[in-house]
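The sequence shown begins at 850 in this note's numbering and counts up one residue at a time.
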Amino acid sequence: MASLMENLIQVLGQECDAYEALLDLSQKKTQVIASANLENLQKITDDEQEAVSRINCLEKRRAEVTADIANVLNRDVETLKLSRLIEMMQSRPGEQAKLAEAHDRLQSSVRELRRINEQNRELLENALEMVEFEMNLLQASKAAPETANYTRNAYSSGVQMGAANGNFDAKQ
């Protein structure tokens, strides 16, 4: 049982480190989004994908160790949460403290990561709205006024003056 707890503490520590690295990337991403640097944004996104992949591998290892601990304790792995396991470790205060520290560190990192990801999402939405606004502005500036020509039945047959092509020209 002691080696299983050491494995769990080790995996949780590695998972905390991986989440903190992802958190660092997300903070850098905020600055890159604000500066509209697409090249750096792509690089950070690729780095984030690698970090998420590492986290997924560590999560699988954590789930395996937790399942082994649940088997030893004769508990259901679905109901055995880390907070419950910390409570159960009262007879081993050293391991309990390490486990509680890893749990708190992990929760703190994930909470901060959620906050920054929400902030980045809002920044990206604002950037997309600005691009859409600028596209509409460009298209509106190309539209010319209609002539005031009417048919015999008083219907407008006005045509646009100036450019007949209302499509966006990417070469400009």
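We treat Cβ as the ideally placed atom computed from N, Cα and C, and that holds for glycine.
Rounded C-alpha distance that separates residue i from residue j
i: Gln-988; j: Met-979; result: 14 Å
i: Ala-1012; j: Lys-991; result: Low confidence applies to Ala-1012: its pLDDT is 48, below 50, so where it sits in the model is not reliable, and the reading given next is rough at best. Rounded to the nearest angstrom, the two C-alpha atoms are 7 Å apart.
i: Arg-941; j: Leu-887; result: 51 Å
i: Asp-917; j: Glu-981; result: 53 Å
i: Met-938; j: Glu-944; result: 7 Å
i: Gln-859; j: Ser-875; result: 24 Å
i: Ile-935; j: Val-926; result: 15 Å
i: Arg-960; j: Lys-878; result: 17 Å
i: Met-854; j: Asn-966; result: 32 Å
i: Leu-871; j: Ala-851; result: 30 Å
i: Gln-880; j: Arg-924; result: 46 Å
Buried versus exposed call for residue i [16 or more other C-beta atoms within 10 Å across all chains shown]
i: Ser-841; result: Given a span of 850 to 1021 for the chain in the structure shown, any question on residue 841 remains unanswerable.
i: Leu-955; result: buried
i: Met-984; result: exposed
i: Leu-986; result: exposed
i: Thr-1056; result: Because the chain is modelled from 850 through 1021, residue 1056 falls outside the range shown and cannot be assessed.
i: Leu-857; result: buried
i: Leu-973; result: exposed
i: Val-914; result: buried
i: Leu-977; result: exposed
Legend entry - Runs of alpha helix (DSSP H) wholly within the stretch 927-994 (minimum 4 residues, chain order): 931-937, 942-991
Inset, instruction - Would you check if the stretch 893-908 and the stretch 856-868 touch, i.e. whether three or more CB-CB distances between them fall below 8 Å? - result: yes
Inset, instruction - Examine the Cβ distances between the stretch 882-902 and the stretch 910-920 and report whether three or more of them are shorter than 8 Å. - result: no
Legend entry - Stretch pair the stretch 943-961 + the stretch 925-934: three plus CB contacts closer than 8 Å: yes
Inset, instruction - For the stretch 867-927, list the alpha helix (DSSP H) runs that are entirely contained and at least 4 residues long, ordered along the chain. - result: 887-922
Legend entry - Contact between the stretch 873-885 and the stretch 917-926 (3+ Cβ pairs under 8 Å): no
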